[in-house]
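K.L.:
Input: one structure, supplied below.
Protein chains in written order, with the working numbering: chain V, 16 to 356; chain Y, 75 to 361.
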C-alpha cells in the first residue's frame with residue numbers, strides 16, 4: 016500500500032507535486048482548483064488536517080512535558096549544581112548517596128506513611144458517609160433503601176474543601192494548629208483537655224499526623240460525592256432482593272454495595288495515593304522550615320535551596336519509582352472481574 | 075414473621091440508623107465547614123480580639139481588614155495575576171486539548187495509537203520528576219518568571235488528562251453527523267469548530283471546570299517557576315507569602331480577610347454550579 020503510493024508520487028509531473036506540496040501548507044480555501052479536483056486531494060486534505068491540528072499540542076507537550084521527564088533521568092546521573100552549565104557524568108553516585116542519606120529516608124518514611132494511611136482513612140470515611148447519605152434514611156414503605164433527608168446539602172458542604180487550593184487550606188490549618196491563639200489548642204483548653212495542648216504541633220514529631228489529618232479532611236468530601244454516584248447507579252432490584260432474603264444494612268453494605276462499587280474504590284485509591292505522595296503544598300506552607308519533610312519537599316529544598324539539581328532529580332526518579340510500584344500493585348491486587356449490571 | 079411485623083422491624087432499625095446516620099453526617103458538616111466559617115468570622119474581627127479570644131464573635135465589623143488585605147497585602151494584584159494567567163491557560167488547554175483529542179479519536183492514521191499513548195502516559199509521571207529540568211528549560215527560553223511561561227506550562231501539564239478525557243468523549247459522538255457535514259462540503263476544520271465542538275459541549279464543560287479549578291488552585295508550578303518578583307505571584311502563592319508576612323507584622327485579621335477573599339468567590343461559584351462542578355471534578359478519578 017505504502018509502496019504503491021510512493022510510486023504514484025514519484026511518477027507525478029513535478030509541477031503537480033509542487034502543487035500538492037504547496038496545498039499541504041495552505042488552508043483549504045486557498046488551495047488551487049487544480050489540486051482540489053485531483054483524486055488524491057481527499058487524502059491530502061485529511062493528512063493536512065491531522066498534521067495541523069496535532070502539531071501544536073504535540074510540540075508543546077514534547078517540549079515541556081516529555082523532554083523534562085527524559086532529561087530528569089539523565090541529570091540524575093550527573094553532579095550538576097543547577098547554578099552553572101558545567102557538570103560531569105557520575106553514573107550511579109547520586110543513587111548511592113541517596114541510599115545512605117538519612118534525611119531522604121526520613122522524608123521517604125513520612126511519604127510512605129501518608130501513602131498507606133491517607134487512602135485507607137479517607138476512603139473509609141468517604142464510603143461510610145456516602146452509604147449513610149444514600150442508604151441511612153428512614154425506611155419508607157415503597158422503598159428498600161432511601162437516602163437521608165438533605166442528602167444534597169451534605170454532599171454540597173462536604174465538597175467545600177475540594178474546590179479550594181491546597182495552599183489556602185494549608186494557610187487556614189497553619190493558623191488552626193498555631194500555638195499562638197490557634198483554635199486547636201484553645202479548643203482543647205475549652206473542653207478541659209489542657210494536657211493535650213501542644214507547644215508546637217507542626218514543628219515536632221506530631222507534624223506528620225497533623226499533615227495526614229488535613230490531607231484526609233480535604234479529600235473526604237470528594238470521595239463522598241464519587242461513591243454516592245457509584246452507589247446510586249446500583250439497581251434497586253438488587254437491594255430489594257437482598258432485603259427479601261433478610262439481609263440487614265450492614266450485610267447489605269458488605270455483600271452488595273462494597274463489591275459493586277469496588278471498581279470506583281480502586282481507582283479512587285490510586286488517585287488518593289498519588290495525592291498523598293504529593294502533599295507538597297501542605298508541608299511547604301504549613302510546616303516551618305527544618306521541620307518534617309516529605310519526598311517532594313526534600314526534592315524542592317535540594318534543587319532550589321541547596322543547589323544540587325542532579326541529586327534532586329535522583330530523588331525525583333525515586334519518587335517516580337514509588338508511584339509506579341504503588342499504581343502497578345494496586346492494579347494487580349484489586350483486579351477482579353467487572354460486574355455488569 | 076408476618077409482613078406487618080417485618081415492616082415494623084424495618085422501620086425501627088431504619089429509624090435508629092437514621093438518627094445514627096444524621097448525627098455522624100452533622101458532625102462532619104461541622105468539621106468540613108467549621109474551619110471555613112471560622113475564617114470568615116475572624117476576618118471581621120480586629121487583631122487584638124483574635125489573640126485574646128480566637129473563638130469570639132465580631133463585636134463590630136472590622137472592614138479595615140479587607141482594605142488592608144486588598145491594598146497593602148496585594149491580594150487584589152495576586153487575583154489579577156491569577157485571572158490573566160488563567161484566561162490564557164484555560165483557553166489554550168481547551169483549544170489544544172480538544173484539537174488533539176478530536177484528531178486522535180476520529181481519524182485513523184499511522185502513529186495514532188502511539189501519540190495517544192504518549193499523551194495519556196503523561197498522567198503516570200509525578201510532576202516533581204520533571205520539575206528541575208523544566209525550570210532550566212524555561213530559563214533557556216527566557217520564559218522563567220513570566221506569565222507566558224506559566225501559561226504554556228499549565229497548558230502542557232493539563233493536556234494528558236484533557237486529551238484522555240476528550241478522546242473517549244469524542245468517540246461516543248455519532249459518526250453520521252461528521253460524514254453528513256463532509257458531504258455538504260464542510261472542511262475538516264469547519265466540521266470541528268461548528269459541528270463537533272457544540273456536540274461535545276457537556277464533555278467540554280466537565281473538563282473545563284476540572285482544568286479551571288486545577289489551574290486556579292495550582293501551587294507547585296508557580297512556587298518553582300514564578301519566583302522572580304513577589305508582585306507577580308498568583309493567588310495561592312500570595313496567600314502563603316501573606317501568612318509569613320502577617321506572622322511578622324502580627325495582623326491575623328488581614329490574613330483571614332485575604333483568605334476569605336480568595337475563598338468566597340470560588341465557593342459561591344461552586345454552590346451555583348454545584349452539580350457541574352461535582353461531576354467535573356470527580357471525572358478526575360474515573361480514569
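The C-beta atom is built at its ideal place from N, Cα and C for all residues, glycine as well.
Compare the C-beta of residue 352 of chain Y against all C-beta atoms of chain V and say whether one is closer than 8 Å.
P.N.:
Residue 352 of chain Y counts as touching chain V.
K.L.:
Going straight from the alpha carbon of residue 108 of chain Y to that of residue 309 of chain Y, what length do you get?
P.N.:
Residue 108 of chain Y and residue 309 of chain Y: Cα-Cα distance of roughly 23 Å.
K.L.:
What first and last residue would you give for the alpha helix (DSSP H) that runs through residue 112 of chain V?
P.N.:
Start and end: 108-114.
K.L.:
What runs of the alpha helix (DSSP H), each 4 residues or longer, lie entirely inside the segment 223-311 of chain V?
P.N.:
List check, alpha helix (DSSP H) in window: 251-259, 264-267, 277-293, 295-301.
K.L.:
Answer with yes or no whether the minimum CB distance from residue 292 of chain V to chain Y is below 8 Å.
P.N.:
For residue 292 of chain V, the answer is yes, since a Cβ of chain Y falls inside 8 Å of its Cβ.
K.L.:
Any residues in the segment 286-303 of chain Y with a beta carbon nearer than 9 Å to a beta carbon of chain V? Which ones, in chain order?
P.N.:
The segment 286-303 of chain Y vs chain V, Cβ under 9 Å: 287, 290, 291, 292, 293, 294, 297, 298, 301.
K.L.:
Going by beta carbon distance, what residues of the same chain come within less than 7 Å of residue 182 of chain V, once the five residues before and after it are set aside?
P.N.:
Closer than 7 Å at the Cβ level, and outside the excluded window around residue 182 of chain V, lie 296, 300.
K.L.:
Output needed in chain order: residues of the segment 107-133 of chain Y with a Cβ under 7 Å from some Cβ in chain V.
P.N.:
Going along the segment 107-133 of chain Y in chain order, one finds 107, 109, 110, 112, 113, 124, 125, 128, 129 with a Cβ nearer than 7 Å to chain V.
K.L.:
Is it right to say residue 39 of chain Y is buried, meaning 16 or more other beta carbons lie within 10 angstroms of its own, or is it exposed?
P.N.:
Lying outside 75 to 361, the shown extent of chain Y, residue 39 of chain Y is not represented and no answer is given.
K.L.:
Alpha carbon to alpha carbon, what distance is there between residue 301 of chain Y and residue 216 of chain Y?
P.N.:
Those two C-alpha atoms are separated by around 14 Å.
K.L.:
Going along chain V in order, which residues have a C-beta closer than 9 Å to the C-beta of residue 226 of chain Y?
P.N.:
Correct list: 75, 78, 79.
K.L.:
Assign residue 117 of chain Y to one of two classes, buried (16 or more other C-beta atoms within 10 Å of its C-beta) or exposed (fewer than that).
P.N.:
Classification of residue 117 of chain Y: buried, given that the 10 Å Cβ count is 16 or more.
K.L.:
Counting only Cβ pairs nearer than 9 Å, list the residues of chain V close to residue 348 of chain Y.
P.N.:
Within chain V, the residues near residue 348 of chain Y are 167, 170, 171, 174.
K.L.:
Spell out whether any CB of chain Y is found under 8 Å from the CB atom of residue 201 of chain V.
P.N.:
Yes, contact with chain Y.
K.L.:
Pull the bridge partners of residue 137 of chain V from the DSSP assignment, please.
P.N.:
In the DSSP output, where bridge partners are listed per residue, residue 137 of chain V has none listed.
K.L.:
What is the DSSP secondary structure of residue 104 of chain V, reduced to helix, strand or coil?
P.N.:
The answer is strand: DSSP assigns residue 104 of chain V an E or B state.
K.L.:
Helix, strand or coil: which one does DSSP assign to residue 351 of chain Y?
P.N.:
Residue 351 of chain Y falls in the helix class under three-state DSSP.
K.L.:
Output needed in chain order: residues of the segment 312-330 of chain V with a Cβ under 7 Å from some Cβ in chain Y.
P.N.:
From the segment 312-330 of chain V, only 314, 318, 319, 324, 327, 328 have a Cβ closer than 7 Å to chain Y.
K.L.:
Using the beta-carbon count (16 or more within 10 Å), is residue 332 of chain Y buried or exposed?
P.N.:
By the neighbour-count rule (16 or more Cβ atoms within 10 Å), residue 332 of chain Y is buried.
K.L.:
Under a three-way DSSP split, which group does residue 334 of chain Y fall into?
P.N.:
In the structure shown, residue 334 of chain Y sits in a helix (DSSP, three-state: H, G or I).
K.L.:
For residue 238 of chain Y, count neighbouring Cβ atoms within 10 angstroms of its own Cβ and tell me buried if that reaches 16, exposed if not.
P.N.:
Under this definition residue 238 of chain Y is a buried residue.
K.L.:
For residue 93 of chain V, which residues does DSSP report across the bridge?
P.N.:
The partner list for residue 93 of chain V (beta bridge, DSSP) reads V:104.
K.L.:
Runs of 4 residues minimum, wholly inside the segment 186-258 of chain Y: which ones carry the alpha helix (DSSP H) assignment?
P.N.:
Qualifying alpha helix (DSSP H) stretches, in chain order: 186-195, 201-215, 221-246, 249-257.
K.L.:
Under 8 Å between the Cβ atoms of residue 243 of chain V and residue 149 of chain V?
P.N.:
Their beta carbons are under 8 Å apart, which means residue 243 of chain V touches residue 149 of chain V by this criterion.
K.L.:
Measure the CB-CB distance between residue 243 of chain Y and residue 274 of chain Y and report whether it falls below 8 Å.
P.N.:
For residue 243 of chain Y and residue 274 of chain Y, yes; Cβs fall inside 8 Å.
K.L.:
Please compile the residues from chain V whose C-beta is within a distance smaller than 9 Å of the C-beta of residue 196 of chain Y.
P.N.:
Correct list: 76, 80, 81, 84.
K.L.:
Taking only the alpha-carbon atoms, compute the straight-line gap between residue 252 of chain Y and residue 179 of chain Y and give it to the nearest angstrom.
P.N.:
Residue 252 of chain Y and residue 179 of chain Y: Cα-Cα distance of roughly 13 Å.
K.L.:
By Cβ distance, which residues of its chain are closer than 6 Å to residue 142 of chain V, with the 5 residues on each side in sequence left out?
P.N.:
Closer than 6 Å at Cβ, skipping near neighbours: 242.
K.L.:
Which residues of chain V have a Cβ atom closer than 7 Å to the Cβ of residue 310 of chain Y, listed in chain order?
P.N.:
Going along chain V in sequence order, the residues near residue 310 of chain Y (Cβ under 7 Å) are 180, 182, 183.
K.L.:
Find the residues of chain Y that neighbour residue 60 of chain V, judging by a C-beta separation of less than 9 Å, and give them in chain order.
P.N.:
Residues of chain Y passing the Cβ test: 261, 262.
K.L.:
Looking at the unbroken alpha helix (DSSP H) that takes in residue 138 of chain Y, where does it start and where does it end?
P.N.:
Start and end: 138-141.
K.L.:
Since I believe residue 110 of chain Y is in contact with residue 177 of chain V (beta carbons under 8 Å), could you give me their beta-carbon distance rounded to a whole number of angstroms?
P.N.:
The Cβ separation is near 12 Å, so there is no contact.
K.L.:
Under the assumption that residue 283 of chain V contacts residue 85 of chain V (Cβ atoms under 8 Å), give the Cβ distance between them as a whole number of angstroms.
P.N.:
At roughly 30 Å, the Cβ-Cβ gap does not stay under 8 Å, so residue 283 of chain V and residue 85 of chain V are not in contact.
K.L.:
Under 8 Å between the Cβ atoms of residue 35 of chain V and residue 51 of chain V?
P.N.:
Cβ distance not < 8 Å, so residue 35 of chain V and residue 51 of chain V don't count as in contact.
K.L.:
Does the beta carbon of residue 96 of chain Y come closer than 8 Å to any beta carbon on chain V?
P.N.:
Judged by the 8 Å Cβ criterion, residue 96 of chain Y is in contact with chain V.
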